[in-house]
Amino acid sequence: MAENNQNQGFIGKLLSLPNDNPKKTIIIAILLCLVCSILVSTSAVVLKPLQVANKEADIKKNILAVTGLLTDKGDIDTLFAQFEKKVIDLETGHYADIDAGSYDQRKAAADPTQSIKLMSEQDIAGIGRRAKLASVYLLKEGDTIKQVVLPIHGYGLWSTLYGFMAFDADFNTIGGLQFYAHAETPGLGGEVDNPKWRQQWQGKKAFDESGELKIKVIRGHVDYKVAGAEHQVDGLSGATLTSQGVSNLVNYWLGDHAFGPYLKNMRSAVEK
Ligand SMILES: Cc1cc2nc3c(=O)[nH]c(=O)nc-3n(C[C@H](O)[C@H](O)[C@H](O)COP(=O)(O)O)c2cc1C
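Read left to right, the sequence shown gives residues 1 to 272 (the numbering used here).
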């Protein structure tokens, strides 16, 4: 009781001080900081599950968008149920026997036991290291694969771009490209999100007849009269560096050190 009176006495005394008193200013500022930090940390903890759920929903939305299945109608989870998530061993290009549902490729890439460090000559996407296993999303009708979606990422000019590339059932024709996270400049590198530019990727062939990886973002506009146009996409004007980054990251992920062996296996299976 006596202590309580003492406390009240302290607060009362503090509040009765003039507002320009330095002691009052400092103590009020400290108390305010304390209350604000409690509020911020409490909301961070309380909102964490919601943030995780939103992030997952965003990934699903982007996978649906890159395969052309995103519509205003229809629940995202229901639409996404058409996909089967699988995990690939990137070295062999075969499916890995692990629980695909709980596999987090971005987490694995940061874990030295689950990832490999890339040599500088391999690392054209500027990612430093990559997970040994990678997720793929198969859009199936019965046992037939209609499309496959591959997660891809790499450095642009200012940021790492994270996205998805969809392939048709021939594992060569590109169904779409979609980035869900980057910090390139809006109006310049940020035009990677422009639907008109993204649309150009649809129908492009990643590989030529001999299986060589050919897809490229060129500087300027594609000349459709020239052979090889089916492997080329226009560069973004005023954003050559981001365009080059996208070209590099696509080439890394479709190349021999990443999804190349998987895509080759799947193309051989289709051709049989
Ligand atoms: C503020 C600012 C932001 C820029 N953002 C980007 C960007 O996001 N991506 C990019 O490739 N170039 C960006 N640039 C331009 C690059 O510095 C460079 O000039 C450009 O990539 C060259 O492309 P161009 O040869 O098509 O003009 C930016 C320039 C400035 C001044």
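Every residue gets a Cβ at the ideal spot worked out from N, C-alpha and C, and that includes glycine. Nothing here was measured: the structure is a model prediction, and the numbers come from that model.
Item: Distance cut-off 7 Å: Thr-173 Cβ against heavy atoms of ligand 1; Value: no
Item: Chain-order list of residues whose beta-carbon lies under 6 Å from that of Asn-19 (same chain, five-residue window excluded); Value: none
Item: Near ligand 1: Ala-239 beta-carbon under 7 Å from a heavy atom; Value: yes
Item: Assumed close pair Gly-176, Val-40 - CB separation to whole angstroms, cut-off 8 Å; Value: With a Cβ gap of about 39 Å, Gly-176 and Val-40 do not count as contacting.
Item: Element boundaries [beta strand (DSSP E), containing Val-87]; Value: 83-89
Item: Under the three-state DSSP convention, the category Asp-193 falls into; Value: helix
Item: Beta carbon of Leu-150 nearer than 8 Å to that of Phe-164; Value: yes
Item: C-alpha gap between Ala-2 and Ile-26, whole angstroms; Value: The predicted model places Ala-2 with a pLDDT of 49, which falls under 50 and marks its position as unreliable; any figure quoted below should be read in that light. Computed Cα separation, rounded: 26 Å.
Item: Touching by the beta-carbon criterion (3+ pairs, under 8 Å), the stretch 151-158 and the stretch 225-245; Value: yes
Item: Residue span of the alpha helix (DSSP H) that contains Glu-106, given as start and end; Value: Correcting the residue identity first, residue 106 is Arg in this sequence and not Glu. First-last of the alpha helix (DSSP H) with Arg-106: 105-109.
Item: Pairwise C-alpha distance: Ile-38 and Lys-214; Value: 54 Å
Item: Any non-hydrogen atom of ligand 1 within 7 Å of Gly-189 CB; Value: yes
Item: Near ligand 1: Trp-253 beta-carbon under 7 Å from a heavy atom; Value: no
Item: Extent of the continuous alpha helix (DSSP H) run through Val-52; Value: 22-66
Item: Close-in-space but distant-in-sequence residues of the same chain around Phe-80 (CB under 6 Å, 5 per side omitted); Value: Lys-60
Item: Inter-residue CB distance, Leu-249 and Ala-125 (contact presumed, cutoff 8 Å); Value: 4 Å
Item: CB contact flag (Leu-139, Lys-86, <8 Å); Value: no
Item: Integer Cβ distance of Pro-261 from Gly-93, believed to fall under 8 Å; Value: 3 Å
Item: Which of helix, strand or coil DSSP assigns to Thr-92; Value: coil
Item: Segment contact flag, the stretch 116-133 with the stretch 203-220, C-beta cutoff 8 Å, min 3 pairs; Value: no
Item: Neighbourhood of Ala-181 by C-beta, 6 Å cutoff - its chain only, sequence neighbours within 5 removed; Value: Tyr-162
Item: Cβ-based burial, Tyr-252 [other Cβ within 10 Å; buried from 16]; Value: buried
Item: Cβ neighbour criterion (16 or more within 10 Å) applied to Ser-135; Value: buried
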